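Here is the structure we will look at.
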Amino acid sequence: MIKTELRQQADRLKDLCERYDEILILGHKDADGDTLGCSLAFAEALETLGKTVHVVIPPALPQKYAWMPGFDRIRPAPPAGAEVRLVLFFDAGNMERSGDAIDHVTERATIVNVDHHASNSRFGDVNIIDPDASAVGQMCLEMLEQFGWRVTPTMATNLYTALLTDTGGFRHENTTPAALRDAARLAALGADPSYVATMVYKSRPPTTLRLCGLALAGIQIEMDGRLAWARVTRKMLHEAGAVMAEAEEIIDNVNSIAGLEVAVVFKEINARLTKISVRSRGEVDAAWLCERFSGGGHPRAAGAEIGQPLERAVPMVLAAVRQAIETAGAGSLDRGGERCVRES
Ligand SMILES: [Mn+2]
Numbered sequence: 198m199i200k201t202e203l204r205q206q207a208d209r210l211k212d213l214c215e216r217y218d219e220i221l222i223l224g225h226k227d228a229d230g231d232t233l234g235c236s237l238a239f240a241e242a243l244e245t246l247g248k249t250v251h252v253v254i255p256p257a258l259p260q261k262y263a264w265m266p267g268f269d270r271i272r273p274a275p276p277a278g279a280e281v282r283l284v285l286f287f288d289a290g291n292m293e294r295s296g297d298a299i300d301h302v303t304e305r306a307t308i309v310n311v312d313h314h315a316s317n318s319r320f321g322d323v324n325i326i327d328p329d330a331s332a333v334g335q336m337c338l339e340m341l342e343q344f345g346w347r348v349t350p351t352m353a354t355n356l357y358t359a360l361l362t363d364t365g366g367f368r369h370e371n372t373t374p375a376a377l378r379d380a381a382r383l384a385a386l387g388a389d390p391s392y393v394a395t396m397v398y399k400s401r402p403p404t405t406l407r408l409c410g411l412a413l414a415g416i417q418i419e420m421d422g423r424l425a426w427a428r429v430t431r432k433m434l435h436e437a438g439a440v441m442a443e444a445e446e447i448i449d450n451v452n453s454i455a456g457l458e459v460a461v462v463f464k465e466i467n468a469r470l471t472k473i474s475v476r477s478r479g480e481v482d483a484a485w486l487c488e489r490f491s492g493g494g495h496p497r498a499a500g501a502e503i504g505q506p507l508e509r510a511v512p513m514v515l516a517a518v519r520q521a522i523e524t525a526g527a528g529s530l531d532r533g534g535e536r537c538v539r540e541s
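Counting along the sequence shown from 1, when you hit position 256 you're at 453 in my numbering, and nothing is skipped either side.
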């Protein structure tokens with residue numbers, strides 16, 4: 198059941214969907230399972246009501262989600278001449294997250310913003326924001342049930358994927374009793390947990406594993422096992438025959454070491470740009486750390502882009518991480534704060 202205080206807002210969404218015949222659904226850039234699952238499930242629900250629906254998500258789309266039902270209907274822009282008066286956003290903390298696609302949103306359009314980021318800028322005419330929701334997919338399921346709209350097996354598959362991926366395979370701290378109950382309901386409605394898990398977690402190309410192996414071979418562990426870090430270089434990409442997008446999950450491997458507090462992966466994007474991914478399981482606030490390098494994220498998972506070559510970014514970031522671990526307190530999680538500026 199969607200939160201009581203959001204029910205009225207949800208009913209406004211239902212009224213708007215019933216009133217307008219042509220509807221635009223916008224997902225966020227660097228699309229993830231949540232924004233994809235919600236957008237595709239809602240598109241199917243609206244089409245069942247006889248609506249014309251455009252699903253627009255900025256490229257490049259992550260091809261690892263190409264199996265999701267309806268994925269091939271996603272466009273980089275709405276068709277020319279589309280007169281859209283209702284626009285739905287799912288999982289976008291702010292409008293900029295949808296990139297150039299927002300240029301297609303006219304002044305006259307009514308905007309509905311459905312999200313679970315605490316930092317959401319409330320840019321919609323209707324804002325349905327639940328920071329306690331594990332995924333927006335969970336909110337979508339609960340709203341569809343409130344509306345009395347049928348959830349088909351393909352919709353259930355899309356929403357289950359949203360919930361599975363945003364909880365890190367039901368492993369993150371947002372794996373709540375409600376998330377598990379909703380996952381069970383989606384399975385009962387026709388989502389196949391084993392199939393979705395295979396598509397999400399057991400469909401990597403061999404090049405991805407080769408790259409992971411090269412990066413992990415060079416892993417560095419210091420501070421009595423409290424800090425571990427690894428590099429992904431252009432040379433490794435070449436050797437593995439991989440692209441940098443395949444380095445995404447290396448951080449989870451580094452972060453799987455027993456007793457670890459902070460994991461860092463450095464990615465050599467080019468000679469002048471290094472990306473970092475940071476995970477924290479201890480006192481250090483990963484978002485706070487990454488903000489020092491103009492990045493951001495969640496307390497447990499964050500990232501940044503640093504305008505420095507790899508060999509300069511590594512010592513710079515490591516100095517900050519070591520200091521943060523040593524002086525747990527400054528930058529610790531108990532400073533609270535909801536600084537979700539990106540991701541999930
Ligand atoms: Mn999300």
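For each residue, glycine too, the CB sits at the ideal point set by N, CA and C.
Nothing here was measured: the structure is a model prediction, and the numbers come from that model.
Taking K472 as part of the beta strand (DSSP E), name the residues at either end of that continuous run.
As a working note, residue 472 is residue 275 in the sequence shown. Where K472 is concerned, the enclosing beta strand (DSSP E) stretches over L470 to S477.
For E446, does the three-state DSSP call read helix, strand or coil?
Within the sequence shown, the letter at position 249 stands for residue 446. Coil at E446, not helix or strand.
Take P273 and list the residues in its own chain whose beta-carbon comes closer than 6 Å to its own, dropping the five residues that flank it on each side.
Within the sequence shown, the letter at position 76 stands for residue 273. Contacts found: P256.
By the three-class DSSP mapping on this structure, what secondary structure does I299 have?
For the purposes of this step, residue 299 is identified with residue 102 of the sequence shown, where counting begins at 1. Here I299 sits in helix by DSSP.
Buried or exposed, going by whether 16 or more other CB atoms sit within 10 Å of the CB of H435?
On the sequence shown, residue 435 is found 238 positions in, with the first residue counted as 1. Classification for H435: exposed.
Please classify H251: does DSSP put it in a helix, a strand, or coil?
Position 54 of the sequence shown, counting from 1, holds the residue named residue 251. Strand, per DSSP.
If you draw a straight line from the alpha carbon of Q520 to that of T372, how long is it in whole angstroms?
One-based indexing of the sequence shown puts residue 520 at position 323. One-based indexing of the sequence shown puts residue 372 at position 175. Looking at the two C-alpha atoms, the distance is approximately 31 Å.
In terms of residue numbering, what span does the alpha helix (DSSP H) encompassing Q260 cover?
One-based indexing of the sequence shown puts residue 260 at position 63. Where Q260 is concerned, there is no enclosing alpha helix (DSSP H), given that its DSSP letter is neither H nor E.
Quick check: the Cα distance between M352 and F239, rounded to an integer number of angstroms?
Here residue 352 refers to the residue found at position 155 when the sequence shown is read from its first residue. Here residue 239 refers to the residue found at position 42 when the sequence shown is read from its first residue. Each residue's Cα considered, the two are about 8 Å apart.
So which of N355, G365 and T405 has the shortest CA-CA distance to G387?
Counting from 1 along the sequence shown, the entry for residue 387 is found at position 190. The shortest C-alpha separation from G387 is found at N355.
Where do the N-terminal and C-terminal ends of the beta strand (DSSP E) with R428 fall, by residue?
For the purposes of this step, residue 428 is taken as the residue at position 231 of the sequence shown. Element bounds for R428: L424 to V429.
Give the range of the alpha helix (DSSP H) segment to which L338 is assigned.
Start at 1 with the first residue of the sequence shown, and residue 338 comes out as number 141. From DSSP, the alpha helix (DSSP H) with L338 extends over V333 to F344.
With a threshold of 7 Å, establish whether the CB of H179 neighbours any heavy atom of ligand 1.
The chain is shown only over 198 to 541; residue 179 falls outside these bounds and no answer can be derived.
For T362, which residues in the same chain have their Cβ closer than 7 Å to its Cβ, ignoring the five residues on either side in sequence?
Along the sequence shown, one-based indexing puts residue 362 at 165. Counting only Cβ-Cβ distances below 7 Å, and skipping sequence neighbours, we find D229, G230, D231 and V397.
By DSSP's criteria, E480 is part of a beta bridge. Which residues make up the other side?
By 1-based counting over the sequence shown, the position of residue 480 is 283. Its beta-bridge partners do not exist; DSSP assigns none.
For G500, which of helix, strand or coil comes out of DSSP?
Translated into positions along the sequence shown, residue 500 becomes position 303. Residue state, collapsed to three classes: strand.
Would R294 and K226 qualify as a contact pair, given that the criterion is a beta-carbon distance under 8 Å?
Within the sequence shown, the letter at position 97 stands for residue 294. Within the sequence shown, the letter at position 29 stands for residue 226. Against a cut-off of 8 Å, the Cβ pair of K226 and R294 comes out as a contact.
Using 7 Å as the cut-off, classify the Cβ of V333 as near or not near the heavy atoms of ligand 1, replying yes or no.
Reading the sequence shown from its first residue, position 136 is the one you call residue 333. Indeed, a heavy atom of ligand 1 lies less than 7 Å from the Cβ.
Is it buried or exposed, I522, if we count other Cβ atoms within 10 angstroms and call 16 or more buried?
Looking up residue 522 in the sequence shown gives position 325. The residue in question, I522, is buried, as its Cβ has 16 or more Cβ neighbours within 10 Å.
Alpha carbon to alpha carbon, how far is W346 from V461? Give it in angstroms, no decimals.
Taking the first residue of the sequence shown as 1, we reach residue 461 at position 264. Taking the first residue of the sequence shown as 1, we reach residue 346 at position 149. The straight-line gap from Cα to Cα measures roughly 44 Å.
Kindly identify the DSSP beta-bridge partner or partners of G494.
Position 297 of the sequence shown, counting from 1, holds the residue named residue 494. Looking at the DSSP assignment, G494 forms a beta bridge with A499.
Just how far apart, CA to CA, sit V538 and T201?
Along the sequence shown, read from residue 1 onward, the residue named residue 538 stands at position 341. Along the sequence shown, read from residue 1 onward, the residue named residue 201 stands at position 4. Per-residue confidence for V538 stands at a pLDDT of 36, beneath the threshold of 50, marking its modelled position as unreliable; no derived number is given.
Say the cut is 7 Å; is the CB of D449 nearer than that to a heavy atom of ligand 2?
Although ligand 2 was asked about, the structure shown includes only ligand 1 as ligands.
For I271, which three-state DSSP category applies?
Here residue 271 is taken as the residue at index 74 of the sequence shown, counted from 1. In this structure, I271 counts as coil in the three-state DSSP scheme.
Classify P512: buried if its beta carbon has 16 or more other beta carbons within 10 angstroms, exposed otherwise.
Counted from its first residue, the sequence shown places residue 512 at position 315. Result: exposed.
What do you get for M198, buried or exposed, if any count of 16 or more other CB atoms within 10 angstroms of its CB means buried?
Numbered from its first residue, the sequence shown carries residue 198 at position 1. Per the 10 Å Cβ criterion, exposed.
Got a sec, what are the start and stop residues for the beta strand (DSSP E) I522 sits in?
Looking up residue 522 in the sequence shown gives position 325. Counting along the chain, I522 falls outside any beta strand (DSSP E), though it belongs to the alpha helix (DSSP H) covering L507 to E523.
So, under 8 Å CB-CB, Y357 and A380 are touching, yes? Tell me the CB distance rounded to an integer number of Å.
For this step, residue 357 is matched to residue 160 along the sequence shown. For this step, residue 380 is matched to residue 183 along the sequence shown. At roughly 6 Å, the Cβ-Cβ gap stays under 8 Å, so Y357 and A380 are in contact.
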